[in-house]
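Protein chains in written order, with my numbering: chain G, 26 to 234; chain P, 48 to 254. Every residue gets a Cβ at the ideal spot worked out from N, C-alpha and C, and that includes glycine. Notes follow the structure.
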Amino acid sequence: MTAPAAAASPSVAALRTAFGPAIRRHAVVCGDAIVHVDPARVHDVLAWLRDTPGQAYDYLVDVTAVEYRDQERALEVVWNLRALARAEDLRVKAELAKDGPLEVPTCTDLWRGADWLEREVFDMFGVRFTGHPDLRRLLMWESYAEGYPLRKDFPLRGHFSRAEQTRQALGGPAEKHYSLEELSIAEAMHYLPADMRQRLAEGHHGEVA
Amino acid sequence: MGLIEPTGIPGDPAVISHTSPNWVTTRLDFLMNWARKNSLWPMPFGTACCAIEFMATAASRYDLSRFGMERQSFSPRQADVLICAGRLPFKLAPVIRRIWDQMPQPKWAISMGACASSGGIFDNYAMVQGIDTIIPVDVYVPGCPPRPEGLMYGILLLQKKIQGESVSDEALRVERVVRPDGLFLPAERVDELSEPFGNSVHQTRSA
């Protein structure tokens, strides 16, 4: 639904002037301004929204993604922005066709706080944020092999049987599921047993025997 | 009294083995079990709202100390009873298994609440469907979460169980470790225990 121009955020008109066809459509839903942009230009748009005087969307509230039940609809990545000084919100969306690569540029260079938000979207939806410094799973463990849990084709109980899930959780050394950072032992490396130290140094996590 | 009459012949049934429940070990059992059941040191493994009820149980109003649980043991190496209070995701399964392995014998486990006992409402991809697929459990406390009275009743049941133990039971202190195939229970048993039930969703798995 396209709202009357009067109701739309003034940022939308400014975005159209600055980016032209890269701004696809916009809407106002429940009072929130939503603007759809070209996935390839999304980093430019976000940087422009953050740095342009008069826009100054300086706070990244959340990065998330939506997959609709309609299989033909694209997967959407959503950035919720807020201009703290004006207390004004803007929601930026980029549609990723499911038959293409699920990739958007990272915005961790604009907001450091996007790091874990993008990791969560990667973990749950499989969207790759190109240029992300450390794109690992966030909520699921590193060796999780069943896919992306919030995708619509993911069964609620997971792909594997409960026995297989339990086997993957219990089998092998516990640290295979976790990275050094996750175990918070990066600085305690020297105190670890030699075999564990070797496994961690060789990066033997993220795989299941 | 004629209970033990050594005949000197090896294998003679009159020779009572050193672990048989004759009257000496029965009184020893009673003393040991009485001491053990009244000095349980709990290792709280609180992951969710059950832990709040556990804290209430341990605090002054309900006062776990009355049952000999004077000291909460936050190190598994000085603990007797593991209380899993809350849901257990697969991500934490290796952690609770390692804590259980670190606890010295004799040790017991209480599964507190619906989620720890069965997965509860979380019949999903991330959640262990009952911690008895990960570690052996002695007492299950139902409830979502159980009130402190419920947990205390579970603790009293565990004390009753401990009072009934016998040193002549050779299966009692056997460490039940994860088997070479990476499972604690046989795979069919895990699947059987994890079947959907009650209001949980019935959906076919794709694998």
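Would you mind working out which of Y82(G), G56(G) and H215(G) sits nearest S36(G), comparing C-alpha positions?
Checking every option, the nearest Cα to that of S36(G) belongs to Y82(G).
Would you say the stretch 120 to 129 of chain P touches the stretch 151 to 163 of chain P, given that touching needs at least three Cβ pairs under 8 Å?
The stretch 120 to 129 of chain P vs the stretch 151 to 163 of chain P: in contact.
Taking 8 Å as the threshold (beta carbon to beta carbon), is W141(G) in contact with chain P?
So, not an interface residue.
Using a C-beta cutoff of 8 Å, does S253(P) count as contacting chain G?
The predicted position of S253(P) is uncertain, since its pLDDT is 40 and thus under 50; a value taken from the coordinates is nonetheless stated next. Output row for S253(P): interface = yes.
Straight-line CA distance for P195(P) to D238(P)?
32 Å
Cross-strand partners of W155(P) (DSSP beta bridge)
V128(P).
By the criterion of Cβ-Cβ separation under 8 Å, what are the contact partners of A140(P) in chain G?
T191, A194 and L195
Whose CA, out of R50(G), A43(G), F44(G) and P46(G), lies closest to the CA of A33(G)?
Looking only at R50(G), A43(G), F44(G) and P46(G), the smallest Cα-Cα distance to A33(G) is reached by R50(G).
Quick one: is E273(G) buried, meaning 16 or more other Cβ sit within 10 Å of its Cβ, or exposed?
Lying before the first or after the last residue shown, residue 273(G) is absent from chain G, which here runs from 26 to 234.
On the CB-based measure, 16 or more other CB atoms within 10 Å of its CB, does V129(G) come out buried or exposed?
buried
Among N80(P), V221(P) and S165(P), which one has its Cα closest to the Cα of G133(P)?
S165(P)
K208(P): first and last residue of the uninterrupted alpha helix (DSSP H) it sits in:
P195 to Q210
At the 8 Å Cβ level, is L175(G) part of the contact set with chain P, yes or no?
no
Determine, using beta carbons only, whether F150(G) and T131(G) come nearer to each other than 8 Å.
no
Cβ-Cβ separation, A119(G) to V67(G) (assumed contact under 8 Å), whole Å:
5 Å
Taking the alpha carbon of E97(G) as the point to measure from, which residue in A122(G), R222(G) and V60(G) has its own alpha carbon closest?
With distances taken between Cα atoms, E97(G) lies closest to A122(G).
In whole angstroms, what separates the C-alpha of N85(P) from that of M116(P)?
8 Å
Reference I178(P); option with closest CA among A140(P), S215(P), P189(P) and P193(P):
A140(P)
Residue range of the unbroken beta strand (DSSP E) whose run includes F137(P)
Run containing F137(P): none; DSSP gives neither H nor E here.
By the three-class DSSP mapping on this structure, what secondary structure does Y216(G) have?
helix
State yes or no: is the beta carbon of S186(G) nearer than 8 Å to at least one beta carbon in chain P?
yes
P35(G) - DSSP class collapsed to helix/strand/coil
helix
Are F101(P) and I130(P) touching if we call contact CB-CB under 8 Å?
yes
At 8 Å on the CB atoms, spell out the chain P contacts of E171(G), in chain order.
Within 8 Å Cβ-Cβ: Y172.
Run down chain P in chain order and give the residues with a C-beta less than 9 Å from the C-beta of H51(G).
The contacting residues do not exist; H51(G) stays about 36 Å from chain P at best.
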